[in-house]
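Mind the numbering: the sequence shown is residues 6 to 391 in the working numbering, read in order. Think of the CB as a built atom: it goes at the ideal place given N, C-alpha and C, for glycine as much as any other residue.
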Amino acid sequence: MSNEFIPYGSQWIEDDDIESVVEVLKSDYLTTGPKINEFEEKFAEYVGAEYAVAIANGTAALHACCHAAGIGEGDEVITTPITFAASANCILYQGGTPVFADIKSDTYNIDPAKIEEKITDKTKAIIPVHFTGQPCDMDEINSLADKYKLTVIEDAAHALGATYKGKKIGCISDMTIFSFHPVKHITSGEGGMITTNSKELYEKLIKFRTHGITKDSDKYTNEPDGPWYHEQQELGYNYRITDIQSALGASQLAKSDRFLKRRREIADRYNEAFKDIKGIITPYQKEDSNSSWHIYVLQLDLDKLNGGRKDIFEALRDKSLGVNVHYIPVYYHPYYQELGYEKGLCSVAERLYERIVTIPLYPKMSDEQVDEVIERVKTVITDSKR
Ligand SMILES: Cc1ncc(COP(=O)(O)O)c(C=O)c1O
Numbered sequence: 006m007s008n009e010f011i012p013y014g015s016q017w018i019e020d021d022d023i024e025s026v027v028e029v030l031k032s033d034y035l036t037t038g039p040k041i042n043e044f045e046e047k048f049a050e051y052v053g054a055e056y057a058v059a060i061a062n063g064t065a066a067l068h069a070c071c072h073a074a075g076i077g078e079g080d081e082v083i084t085t086p087i088t089f090a091a092s093a094n095c096i097l098y099q100g101g102t103p104v105f106a107d108i109k110s111d112t113y114n115i116d117p118a119k120i121e122e123k124i125t126d127k128t129k130a131i132i133p134v135h136f137t138g139q140p141c142d143m144d145e146i147n148s149l150a151d152k153y154k155l156t157v158i159e160d161a162a163h164a165l166g167a168t169y170k171g172k173k174i175g176c177i178s179d180m181t182i183f184s185f186h187p188v189k190h191i192t193s194g195e196g197g198m199i200t201t202n203s204k205e206l207y208e209k210l211i212k213f214r215t216h217g218i219t220k221d222s223d224k225y226t227n228e229p230d231g232p233w234y235h236e237q238q239e240l241g242y243n244y245r246i247t248d249i250q251s252a253l254g255a256s257q258l259a260k261s262d263r264f265l266k267r268r269r270e271i272a273d274r275y276n277e278a279f280k281d282i283k284g285i286i287t288p289y290q291k292e293d294s295n296s297s298w299h300i301y302v303l304q305l306d307l308d309k310l311n312g313g314r315k316d317i318f319e320a321l322r323d324k325s326l327g328v329n330v331h332y333i334p335v336y337y338h339p340y341y342q343e344l345g346y347e348k349g350l351c352s353v354a355e356r357l358y359e360r361i362v363t364i365p366l367y368p369k370m371s372d373e374q375v376d377e378v379i380e381r382v383k384t385v386i387t388d389s390k391r
């Protein structure tokens, strides 16, 4: 066994990615230029959506969607606790109230039955998160949305390239967001994208991205007093992405299928290597979907192991594995506790949190590194067996 440190995730930047960025740096537009549209068009085509809006990051994308969905003071939005805080923070940005619905114990995704229990007359939207890249039960979630007239905003920060019943994630619900942070499937440094099939939502999103300003004369409220005229019609933000980032994103998008194939190969190797190891529960895969494997989450079967998750986590770190935990339930964070959320809210999520460890998975990993991870994990688990 080597001692090389292997992180849990990492980008893969190649020479042509670098060249595409340099080209923009030498051009007239560093921002608000043609690369943004190009990235949006290619992305919309890739996921099979009508429209795509490139934006500063995945969090800004979620905020813009909550705005476009009309979330405001007093509105409730249902999401999962097993996610990055951004999936719930975006509701607070708009003055809404996050409502956490528990997860399913097999997929770790939000449970449609638990969503329905949480729906009230204040509920306006649902934010399902495709945790690890495995699609949520979108048919069930969208039929609840139809029944109760709710907007669905899919958080697909983990799910670029994932498919649900043969359809790519990104073309199914009202709006879907993606993130291009370096550990994600493709990167633009920081960056995000929203896809939608609704022209109305699309127009709201692009206005929100630039201060709430429109330059579309058909949409003006007042009479223009000259050719310079434009209008700020609502309070938006500067959530623009640059051409520099968009060039990198577009170059990476062209490699997305190759990256995805490699992620799936590595996940298959892990599934095979760990399937009969006592003490490990490998990720469950739904028949109707194909995960994009953003992360590989091992569940520890603590009844068969000595010590708890912390001991095993530390032993894995001691073996130079950049293991991580995705995620601390959002409402465990002090900020949420101060808002009045209490532990005990989602028992399945809380139980899972005690047992999970994310091990390294990224497309640039060599076969030797994958073997190293398998060996080191097996050694730690064997040493911890009861
Ligand atoms: C599930 C989920 N949602 C949203 C985000 C936010 O994306 P970004 O970091 O691009 O703002 C992340 C990023 O880690 C995420 O994992």
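- With contacts defined as CB atoms closer than 7 Å, Gly196 and Gly254 qualify as a contacting pair.
- Taking the C-beta atoms as reference points, Cys176 is found nearer than 7 Å to Gly53.
- For Lys129, the enclosing beta strand (DSSP E) has its first and last residue at Thr128 to Ile132.
- Counting the other Cβ atoms within 10 Å of the Cβ of Trp298 gives 16 or more, which makes it buried.
- For Phe105, the shortest separation between its Cβ and any heavy atom of ligand 1 does not lie below 6 Å.
- Proximity of the beta carbon of His72 to ligand 1 is not indicated: no heavy atom of the ligand is located closer than 6 Å.
- Beyond the five residues adjoining it in sequence on each side, Phe318 comes within less than 8 Å, by CB distance, of Val328, Val330 and Val362 in the same chain, given in chain order.
- Judged by the Cβ position, Ser15 fails to qualify as a neighbour of ligand 1 at the 6 Å threshold, every heavy atom of the ligand being at least this far.
- With fewer than 16 other Cβ atoms inside 10 Å of its own Cβ, Ala118 counts as exposed.
- Taking a cut-off of 8 Å for Cβ pairs, the stretch 183-203 and the stretch 223-230 do not touch, as fewer than three such pairs fall below it.
- Below 8 Å, too few C-beta pairs join the stretch 122-135 and the stretch 257-272 to call them touching: fewer than three.
- Contact between the stretch 64-75 and the stretch 167-183 is present: three or more C-beta pairs spanning the two stretches fall below 8 Å.
- Beyond the five residues adjoining it in sequence on each side, Cys95 comes within less than 8 Å, by CB distance, of Thr64, Leu67, His68, Cys70, Cys71 and Ile132 in the same chain, given in chain order.
- Every beta strand (DSSP E) of 3 residues or more that sits fully in the stretch 273-338 is shown, in chain order, as 301-305.
- Taking 6 Å as the cut-off, one finds no heavy atom of ligand 1 near enough to the beta carbon of Ala93.
- Counting only runs that start and end inside the stretch 181-206, the beta strand (DSSP E) elements of at least 3 residues fall at 197-201.
- Taking Pro12 as the centre and dropping the five residues before and after it, the same chain places the C-beta of Gly327, Pro365 and Tyr367 closer than 8 Å to its C-beta, in chain order.
- Here the stretch 239-250 makes contact with the stretch 25-41; the two share three or more CB pairs at distances below 8 Å.
- By the C-beta density criterion, Tyr234 is exposed, having fewer than 16 other C-beta atoms within 10 angstroms.
- Put simply, of Pro86, Tyr242 and Lys309 the residue whose alpha carbon is nearest the alpha carbon of Tyr98 is Tyr242.
- In its chain, beyond the 5 residues on either side, Thr85, Thr88, Ser92 and Asp160 have a beta carbon closer than 6 Å to the beta carbon of Val134.
- Boundaries of the alpha helix (DSSP H) around Tyr51: Pro39 to Val52.
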